[in-house]
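Sequence lines, in order, name chains D and V. Our numbering puts the first residue of the first sequence at 35, with every later residue one more than the last. Our numbering puts the first residue of the second sequence at 35, with every later residue one more than the last. In this text, a Cβ means the ideal position worked out from N, Cα and C, and glycines have one as well. Small disclaimer: the values here were computed from a predicted structure and weren't measured.
Protein chains: 2
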Amino acid sequence: MFEEDRFSLTLNTTLSEIYHQADSCRRTVERARERGRIFEQFLPLKDYTDILLTGCGSSHHLAMCASFGWSEMLSRPVVAVAASELAHFPEHYLERGSKPLVIAISRSGDTTEVRLAVERLKREYGARSLAVTSDGGSLGNACDAEIVFDECIERSVVMTQAFTCILVGMYLLVDSATGEQRAGEIGQLARLINDSVLTTENGIRALADDDGISRFFFLGSGLMKGLSDECALKLTEMALDTAFSYRTLEFRHGPKATLNSKDQVIIFPVEAERPHLNTLVAEITATGARVLVVDVQLPEFTDSRVATLINSQPEIRNPKFEVFRPALYAHIGQLLAYWRAAARGLNPDSPRHLARTVILEV
Amino acid sequence: MFEEDRFSLTLNTTLSEIYHQADSCRRTVERARERGRIFEQFLPLKDYTDILLTGCGSSHHLAMCASFGWSEMLSRPVVAVAASELAHFPEHYLERGSKPLVIAISRSGDTTEVRLAVERLKREYGARSLAVTSDGGSLGNACDAEIVFDECIERSVVMTQAFTCILVGMYLLVDSATGEQRAGEIGQLARLINDSVLTTENGIRALADDDGISRFFFLGSGLMKGLSDECALKLTEMALDTAFSYRTLEFRHGPKATLNSKDQVIIFPVEAERPHLNTLVAEITATGARVLVVDVQLPEFTDSRVATLINSQPEIRNPKFEVFRPALYAHIGQLLAYWRAAARGLNPDSPRHLARTVILEV
Numbered sequence: 035m036f037e038e039d040r041f042s043l044t045l046n047t048t049l050s051e052i053y054h055q056a057d058s059c060r061r062t063v064e065r066a067r068e069r070g071r072i073f074e075q076f077l078p079l080k081d082y083t084d085i086l087l088t089g090c091g092s093s094h095h096l097a098m099c100a101s102f103g104w105s106e107m108l109s110r111p112v113v114a115v116a117a118s119e120l121a122h123f124p125e126h127y128l129e130r131g132s133k134p135l136v137i138a139i140s141r142s143g144d145t146t147e148v149r150l151a152v153e154r155l156k157r158e159y160g161a162r163s164l165a166v167t168s169d170g171g172s173l174g175n176a177c178d179a180e181i182v183f184d185e186c187i188e189r190s191v192v193m194t195q196a197f198t199c200i201l202v203g204m205y206l207l208v209d210s211a212t213g214e215q216r217a218g219e220i221g222q223l224a225r226l227i228n229d230s231v232l233t234t235e236n237g238i239r240a241l242a243d244d245d246g247i248s249r250f251f252f253l254g255s256g257l258m259k260g261l262s263d264e265c266a267l268k269l270t271e272m273a274l275d276t277a278f279s280y281r282t283l284e285f286r287h288g289p290k291a292t293l294n295s296k297d298q299v300i301i302f303p304v305e306a307e308r309p310h311l312n313t314l315v316a317e318i319t320a321t322g323a324r325v326l327v328v329d330v331q332l333p334e335f336t337d338s339r340v341a342t343l344i345n346s347q348p349e350i351r352n353p354k355f356e357v358f359r360p361a362l363y364a365h366i367g368q369l370l371a372y373w374r375a376a377a378r379g380l381n382p383d384s385p386r387h388l389a390r391t392v393i394l395e396v
Numbered sequence: 035m036f037e038e039d040r041f042s043l044t045l046n047t048t049l050s051e052i053y054h055q056a057d058s059c060r061r062t063v064e065r066a067r068e069r070g071r072i073f074e075q076f077l078p079l080k081d082y083t084d085i086l087l088t089g090c091g092s093s094h095h096l097a098m099c100a101s102f103g104w105s106e107m108l109s110r111p112v113v114a115v116a117a118s119e120l121a122h123f124p125e126h127y128l129e130r131g132s133k134p135l136v137i138a139i140s141r142s143g144d145t146t147e148v149r150l151a152v153e154r155l156k157r158e159y160g161a162r163s164l165a166v167t168s169d170g171g172s173l174g175n176a177c178d179a180e181i182v183f184d185e186c187i188e189r190s191v192v193m194t195q196a197f198t199c200i201l202v203g204m205y206l207l208v209d210s211a212t213g214e215q216r217a218g219e220i221g222q223l224a225r226l227i228n229d230s231v232l233t234t235e236n237g238i239r240a241l242a243d244d245d246g247i248s249r250f251f252f253l254g255s256g257l258m259k260g261l262s263d264e265c266a267l268k269l270t271e272m273a274l275d276t277a278f279s280y281r282t283l284e285f286r287h288g289p290k291a292t293l294n295s296k297d298q299v300i301i302f303p304v305e306a307e308r309p310h311l312n313t314l315v316a317e318i319t320a321t322g323a324r325v326l327v328v329d330v331q332l333p334e335f336t337d338s339r340v341a342t343l344i345n346s347q348p349e350i351r352n353p354k355f356e357v358f359r360p361a362l363y364a365h366i367g368q369l370l371a372y373w374r375a376a377a378r379g380l381n382p383d384s385p386r387h388l389a390r391t392v393i394l395e396v
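Dropping the structure here:
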């Protein structure tokens, strides 16, 4: 009994952190101005030739999602680059003589490649840098300033609520720098995330418990690619599932070849590619695979192999809101992975082969 | 007997195309000046704010590899972006008022998203564009000029020799624009590719025939990421294998969790990350998985779970040559996929669910 209790306790830690994300985001919204003041020292952003968001693993995926929010709000390209790429191939990403701003994201604040990237860009390009962490850690010492998202500190090994919470915080940061033009929409995210969890949890639970599924494929383009990557990673980390992530239309250029009737494809459509959604879904179902479309409007699919998770609240359907949608869906990969792990008797709090902070001896 | 003969004939088509790549590259080298003259109309390259290479599937992967060669030779960033991303999210990748040069790669010349990307960038940014094809096709009509790599025309559905041949052609193109400074190294590629095939084919064949392997993981960073993606795609397309591609150090941030003793990891190391290679390999073998290191120098591994494919010719070991190495290794994924398909009785010439040209109704 003791063992079982201890197991329940640790299971509850991860699940509780997943369910806590709406509440954490509420607090993140409340703290927007305090953090906007820290960010003020980096203004005006037009002084930088490049704005780069960087991180490793889940932090890189959240940087990918945030980069689309930033580029839309700033009306300029903002690039997310994996920290190891930036640390080892900076000349591929930056012009000589460029003056970059680096937003360095690390939950622990101790991820080696993130620190290496910041140090190299400071040394070779005079980059300025902002550490974005949850735990604090040592990254702040390598950067010009630090923002600590301590409202989403996690005990679990894999990142769950911190993904959503820091993502919302990133939206707010650039909104504070651009005159709070999107504060109304971003301020609603906490409530909308809560609604999204309630709308989707039963559908996700059913999918997690379906042992007829052998592999998961997540498809997302643009602002949804980082989300898609993160969902696949959660399944890999927590449930040791075989899970893939592809850009939506790239999936047609080869990867779909292996699909069979034991495969589950999950699509996060974007408005720009909506005209192609029916074609894509028909090609997938023709292989025998099943499709789940996570969307904001009821589609026209009649095939029994196509299921939907629809959250059709008016705010979300507004095309201008699209860039913030990844924050509404991160829990889908998290809950799917959590329940799938639980169904297999795995403990998501101590996933195999993984450590909470990934250190690289240098 | 007729059926068997026909099957042998078609198998031989793909295999012959794979083995033909060194010879095709020799002809590509011979035609460098002729194509350099076509490219002259886009000079000087400093007139463009951005140089973008784009394509879908294998063409995107070759664009990723080529982008590192181009950025090194031009001493400026050159970005590879999937054509669907460029067509649907151009503002995420380009500043307002930018003047981009787009190199649009499509074997058939008829890939829908590539044409859409070119047309949108021309309309919204006044982009100039060069079509890079093998078959010709209609893409040239949408672009300012066209280069047809007809020495590597393929009958097979999946791209094999055209990947290597067009990649070498891309290196030569920018070399012609920068005074043929690297012509000596690039000119040796045909011979080095031939040597690389002979050095590696037995090791690859053994791996392909090993039915103890259930999943393949390819790891590559920077200039090797496109190659890694392409190897995974070949296995998926031809052999219907479960195959993944990750950035080398990103693999430590979660994805390695699922590894087990039936998994084969194939690493394409880059010089910048060599200090971390032993750490990575030790972490992988600790999971029970096996590792194959494809490299230019004999490593120090003593673990029986680590195998190597070493081509240690002096030209290849030269660090300046590194950026061209992807052209030496593309056949590895191709041969592995071909022989694995053959071992399973699959016909690589007519892979399941795939068409030679991927059209999207618009």
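Residue-level contact by beta carbon holds for E284 (chain V) and chain D, with a gap shorter than 8 angstroms.
Going by DSSP, F278 (chain D) is part of the beta strand (DSSP E) stretching over 276-280.
Only residues of its own chain outside the window of five on either side were considered, and among them L206, S210 have a CB closer than 7 angstroms to the CB of A66 (chain D), listed in chain order.
For E180 (chain V), the pairing in a beta bridge is given by DSSP as V:A165. Assigned with DSSP and collapsed to three states, F197 (chain V) falls in helix. Two segments are said to touch when three or more pairs of C-beta atoms, one from each, lie closer than 8 angstroms; by this definition the stretch 81-89 of chain V does not touch the stretch 55-71 of chain D. Chain D places no beta carbon closer than 8 angstroms to that of F302 (chain V), leaving this residue out of the contacts. The C-alpha of A266 (chain V) is placed about 11 angstroms away from the C-alpha of H95 (chain V). Note on the stretch 259-330 of chain D: whole alpha helix (DSSP H) runs with a minimum of 4 residues are 259-273, 311-320, in chain order.
The beta carbon of P111 (chain V) sits closer than 6 angstroms to those of S105, all from its chain and outside the five residues before and after it, given in chain order. Counting other Cβ atoms within 10 Å of its Cβ, A151 (chain V) reaches 16 or more and is therefore classed as buried. Using a C-beta cut-off of 8 angstroms, the stretch 212-232 of chain D makes no contact with the stretch 248-255 of chain D, since fewer than three inter-stretch Cβ pairs fall below that distance. Within its own chain, the residues whose Cβ lies closer than 7 angstroms to the Cβ of R386 (chain D), once the five positions on either side in sequence are excluded, are L274, listed in chain order. Against chain V, the CB of E125 (chain D) has a partner CB under 8 angstroms away; the residue lies at that interface.
For P360 (chain D), none of the residues of chain V pass the 7 angstroms Cβ criterion, the least Cβ distance being about 14 angstroms. Assigned with DSSP and collapsed to three states, A138 (chain D) falls in strand. Going by DSSP, G218 (chain D) is part of the alpha helix (DSSP H) stretching over 217-221. For F252 (chain V), the beta-bridge partners assigned by DSSP are V:S279, V:I300.
Listed along chain V, the residues sitting closer than 9 angstroms to T313 (chain D) by beta-carbon distance are L394, E395. Listed as beta-bridge partners of A116 (chain D) by DSSP are D:G89.
By the CB criterion at 8 angstroms, A114 (chain D) and E264 (chain D) fall outside the cutoff. Take Q195 (chain D), set aside five residues on each side of it, and the residues of its chain with a beta-carbon closer than 7 angstroms to its own are E51, I52, H54, Q55, S58, C186, E188, in chain order.
By alpha-carbon distance to D144 (chain D), the top candidate from D:V325, D:G160, D:G170, D:E153 is D:G170. Considering only D:V327, D:V148, D:Q331, the residue with the shortest C-alpha distance to T342 (chain D) is D:V327. Contact of S109 (chain V) with chain D by beta-carbon distance below 8 angstroms involves E125, R130. For L343 (chain V), the pairing in a beta bridge is given by DSSP as V:V328.
D84 (chain V) is bridged by DSSP to V:P134.
Burial state of D245 (chain D) is exposed, judged by a 10 Å Cβ sphere holding fewer than 16 other Cβ atoms. For R189 (chain D), the secondary structure class from DSSP, reduced to helix, strand or coil, is coil.
Annotation for A361 (chain V): the continuous alpha helix (DSSP H) segment containing it runs 360-377. Around the beta-carbon of N312 (chain V), fewer than 16 other beta-carbon atoms lie within 10 Å, marking it exposed. Distance between I344 (chain D) and D329 (chain D), taken at the CA atoms: about 5 angstroms. For T83 (chain V), not one C-beta of chain D is nearer than 8 angstroms to its own C-beta. CA-to-CA, the gap between L370 (chain V) and L49 (chain V) works out to about 11 angstroms. For H387 (chain V), no alpha helix (DSSP H) encloses it, and the DSSP letter there is neither H nor E.
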